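Below is one structure; the comments refer to it alone.
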Amino acid sequence: MKQALGSDEHVVQLAPALKSAQAKAVRLLIEVVKPLPPTAAPPPPKPKPGRRIVEQGSQQNLDLTAAKDLLIQLGSKMRTEQTIRLDLEWIIEDEDSST
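Numbering-wise, our numbering comes out as the position in the sequence shown, counting from 1, plus 307.
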């Protein structure tokens, strides 16, 4: 390409040099990148000493009503003689009204 631009067009034709450069650029843009292999899921957590995992689950994108219903559902599975400990993690998101 550099040679074509610096030479007389009668010696080195500009159009074929531009087409070649364009083809090389397009190949760079569409070059397929190998996808990363899927990562292994982390092993399930081990119960704390003296405890056993009774049930485990995960739910995302719940609204407040669904979250309350889930806690009610989990509570209904408890037996009165059980001493239950529940570990919670949460993220509260609000829709961005500025967009």
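The C-beta atom is built at its ideal place from N, Cα and C for all residues, glycine as well.
Because the structure is a prediction, the values reported are computed rather than measured.
The DSSP-derived three-state label of Ser404 is coil.
For Val333, the enclosing alpha helix (DSSP H) covers residues Leu321 to Ile337. Counting only residues of its own chain and dropping the five nearest sequence neighbours on each side, Asn368 has no CB closer than 6 angstroms to any other CB.
In the three-state reduction of the DSSP assignment, Ile360 falls in the coil class, being assigned neither a helical nor a strand state.
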